[in-house]
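S.K.: Take a look at this one; I'll ask things after.
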Amino acid sequence: METQTKQLNVTEVQAWLVSYLSQLLEINPDEINATTDFDRYGLDSSAAIGLTSDFGNWLGFELDPTLTYDYPTIETLVQHVVELSNSRG
């Protein structure tokens, strides 16, 4: 059986993150800006670890729990994850 690697694009990954954060933080998705640091939304370390875990599950591969510190905005995190995913397969 052949395994297909899902090719991600910035739009779908960013949409997932915006939706996730809006639910987690109980705010309207329109209030989330891709260039605003996660900590400006009040995302603490526990929530950031949960985000990377859930995000990795959605992506289909494990992410470093500290990823939101290295890539502190939706924009930078999405770009990194799309590049990482597409280089994997």
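Here full-length UniProt numbering is used: the first residue of the sequence shown is 1, the next is one more, and so on. Glycine included, every Cβ here is placed at the ideal spot set by N, Cα and C.
#1: When you compare only the Cα positions, how much space is there between Asp23 and His80?
#2: What are the uninterrupted segments assigned as alpha helix (DSSP H) that are 4 or more residues long and contained completely in the UniProt domain "Carrier" (8-85), given in chain order?
#3: Rounded to whole angstroms, what's the CA-CA distance from Asp44 to Trp58? Just pull it up for me.
#4: Anyone know if the C-beta pair for Pro72 and Thr52 falls short of 9 Å?
#5: Can you grab the Cα-Cα spacing for the pair Arg40 / Glu75, in whole Å?
M.R.: Inspection of the coordinates gives the following:
#1: The sequence as given places Gln at residue 23; Asp does not occur at that position. Cα to Cα, the separation comes out at about 23 Å.
#2: 10-25, 45-59 and 67-70
#3: 21 Å
#4: no
#5: 14 Å
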